[in-house]
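K.L.:
Numbering (our numbering), first residue to last: 1475 to 1660.
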């Protein structure tokens, strides 16, 4: 579809974070503790972090599947449409569907990056959130300027740190932030 024919802007898309997302954006001192993708014996791909197992939930990547196949079962990257985790393939899917722009919510970190925010070492948690935001802004959204609306994760444990991160990502061109789906426990 030609760019001038595209009028749709989707503001409720999701992505499946690729295994390499922390490689370039997280300082070496944190690499061993960073979330890692693990291929399990049952064939699914799961993220491991801080003793937790976080599956790639099939419901986060239903693009191209019939509705009757939607489910919350863990799945592997081989079973997920590449446009869910590969930016070049996402653009092809958007072009085919006439979608001009997209805002993509996180998957395994949770809305508002709760997985990272719950880590007891807040310096490490902040490093993870900055790394995620940098990856999302520079690599995911920055690969195709004007096609994505960058959305950052907040540092929800501290109003001051959150405000600092909001200002930092705003300087990078990001003017939206996801927040927790359930603020009651905060």
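Built from N, CA and C at the ideal position, the CB exists for glycine as well. Bear in mind the structure is a predicted one, so any value in this text is a computation, not a measurement.
1) With DSSP collapsed to three states, give me the class of residue 1529.
2) Where DSSP assigns a beta bridge to residue 1512, which residues make up the other side?
3) I need the boundaries of the beta strand (DSSP E) containing residue 1598, first residue and last residue.
4) Return the residue from the list 1565, 1478, 1564 and 1493 that minimises the CA-CA distance to residue 1582.
5) Give me the Cα-Cα distance between residue 1518 and residue 1490, rounded to the nearest whole angstrom.
6) Just to check my reading of the structure: residue 1603 and residue 1624 have Cβ atoms closer than 8 Å, yes? What is that Cβ distance to the nearest angstrom?
7) Comparing C-alpha positions only, which one of 1589, 1580 and 1530 sits nearest to residue 1523?
8) Can you give me the C-alpha to C-alpha distance between residue 1642 and residue 1636, rounded to a whole angstrom?
9) From what residue to what residue does the beta strand (DSSP E) around residue 1486 run?
10) Who does residue 1579 pair with in a DSSP beta bridge?
11) Under 8 Å by Cβ, that's how I've got residue 1482 and residue 1572 pegged, so tell me the actual separation to the nearest angstrom.
12) Ignore the nearest five residues each way along the sequence and tell me which others in residue 1500's own chain have a CB closer than 8 Å to its CB.
13) In this structure, how does DSSP classify residue 1501 when only helix, strand and coil are distinguished?
14) Tell me which same chain residues have a C-beta within less than 8 Å of the C-beta of residue 1484, skipping the five on either side of it?
15) What does a CB cutoff of less than 6 Å around residue 1653 pick up in its chain, not counting 5 residues either side in sequence?
P.N.:
Here's the rundown:
1) Three-state result, residue 1529: strand.
2) 1520.
3) No beta strand (DSSP E) holds residue 1598; the alpha helix (DSSP H) holding it covers 1596-1608.
4) It is 1493 whose Cα lies nearest to the Cα of residue 1582.
5) Going by the C-alpha atoms only, they are around 14 Å apart.
6) A Cβ-Cβ separation of about 14 Å leaves residue 1603 out of contact with residue 1624 under the 8 Å criterion.
7) The option with the nearest alpha carbon to residue 1523 is 1589.
8) Spanning the two alpha carbons is a distance of roughly 10 Å.
9) Unbroken beta strand (DSSP E) run through residue 1486: 1482-1488.
10) Residue pairing for residue 1579: DSSP places it in a beta bridge opposite 1488.
11) The C-beta distance from residue 1482 to residue 1572 rounds to 6 Å, short enough to meet the 8 Å contact threshold.
12) 1508, 1601, 1602 and 1605, listed in sequence order.
13) Three-state DSSP puts residue 1501 in coil, outside helix and strand.
14) Within the same chain, 1573, 1575, 1576 and 1577 come within 8 Å of residue 1484 by CB-CB distance, once the 5 residues on both sides are set aside.
15) Once the five neighbours on either side are set aside, the close Cβ partners of residue 1653 are 1586.
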